[in-house]
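Asker: Residue numbers (my numbering): 9 to 214. What follows is a structure written as structure tokens; I'll ask about it next.
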């Protein structure tokens, strides 16, 4: 497996899981008020009243983006033969990075930004940290799952959870399906945790 990447995969996955869950908790208002949907009349009021939660969500999105980039580097051997692996991973990292920067901008600048700018940043933050993150991470998992480096069971489950996550795009037109995105994200994170464990175990044997 070349350089020892098992430890890097485990560490990056752990950081990604913690950052994703912490960011989700911040957005859903576990300690207070949940972030409203883009276009909501009370969106500006939310960012004025909840700067800490907004900044935490932004910081966690940036941390998760960095962890995903490290994870992709650790798994480069598995994805080097997949034509679309690079653009897919880059897209997933950029989506999270944009969401993180949008959250940070809202947390700091919401009091002085015009309403149109707040709504635009809110849309980027909500989509990039929500359904688009789930969809792009799902595509990353489907690419990883195609490798014969995993056990058959992990390959099959990766394809299932990955494509199920891509299906969360439907939440953009069917609001009732929004909770499915959270379930899909948990499925992806669990799969990545098992994958990192298997990769580290195999790495130790070489």
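Glycine included, C-beta positions come from ideal geometry on N, C-alpha and C. This structure is a prediction, so every number in the text was calculated from the model and none was measured.
Could you tell me which of 109, 100, 84 and 160 sits nearest to residue 140, measuring between CA atoms?
Answerer: Minimum Cα distance to residue 140 is reached at 100.
Asker: Assess contact between the region 63-72 and the region 91-110, defined as three or more Cβ pairs (one per stretch) separated by less than 8 Å. Is contact present?
Answerer: They touch, by the three-pair rule.
Asker: Rounded to a whole number of angstroms, what is the C-alpha to C-alpha distance between residue 98 and residue 156?
Answerer: Residue 98 and residue 156: Cα-Cα distance of roughly 22 Å.
Asker: When the Cα atoms are used, what is the spatial distance from residue 11 to residue 210?
Answerer: No answer about residue 11 holds up, because its pLDDT of 45 lies below 50 and its placement is not dependable.
Asker: Please specify which runs of the alpha helix (DSSP H), each continuous and at least 4 residues long, are wholly inside the region 111-197, giving them in chain order.
Answerer: Entirely contained in the region 111-197, the alpha helix (DSSP H) runs reaching 4 residues are, in chain order, 123-137, 139-153 and 160-174.
Asker: Pairing CB atoms from the region 36-53 with CB atoms from the region 126-133, are three or more of them under 8 Å?
Answerer: A contact exists between the region 36-53 and the region 126-133.
Asker: Select from 79, 55, 51 and 102 the residue whose C-alpha is nearest the C-alpha of residue 204.
Answerer: Checking every option, the nearest Cα to that of residue 204 belongs to 79.
Asker: Where does residue 98 sit, in a helix, a strand or coil, going by DSSP?
Answerer: Here residue 98 sits in helix by DSSP.
Asker: By DSSP, does residue 59 sit in helix, in strand, or in coil?
Answerer: Helix at residue 59.
Asker: Rounded to the nearest angstrom, how far is the Cβ of residue 142 from that of residue 193, given a contact under 8 Å?
Answerer: Right, their Cβ atoms sit about 5 Å apart.
Asker: In terms of alpha-carbon separation, which member of 27, 92, 174 and 111 lies closest to residue 146?
Answerer: Considering only alpha carbons, the answer is 174.
Asker: So what does DSSP say about residue 47, is it helix, strand or coil?
Answerer: Residue state, collapsed to three classes: coil.
Asker: Let me know the secondary structure DSSP gives residue 105 once reduced to three states.
Answerer: If DSSP states are grouped into helix, strand and coil, residue 105 belongs with the helices.
Asker: Please identify the residue among 164, 86 and 171 whose C-alpha is closest to the C-alpha of residue 152.
Answerer: Nearest option by C-alpha distance: 86.
Asker: For the alpha helix (DSSP H) that residue 40 lies in, which residues bound it at each end?
Answerer: Per DSSP, residue 40 belongs to no alpha helix (DSSP H) and is neither H nor E.
Asker: Check for me: the alpha helix (DSSP H) holding residue 84 runs from which residue to which?
Answerer: It spans 84-87 - the alpha helix (DSSP H) in which residue 84 sits, taken as one unbroken run.
Asker: Return helix, strand or coil for residue 222, following the three-state DSSP convention.
Answerer: Since the displayed the chain opens at 9 and closes at 214, residue 222 lies outside it and no answer follows.
Asker: Residue 24 and residue 76 look like a contact to me (Cβ under 8 Å); what is the Cβ gap, rounded to whole Å?
Answerer: 6 Å between Cβ atoms; contact.
Asker: Relative to the alpha-carbon of residue 206, which residue among 191, 117, 188 and 161 has its alpha-carbon at the smallest distance?
Answerer: Residue 161 is the option with its Cα nearest to residue 206.
Asker: With a threshold of 16 other CB atoms inside 10 Å of the CB of residue 41, please say whether the residue is buried or exposed.
Answerer: Classification for residue 41: exposed.
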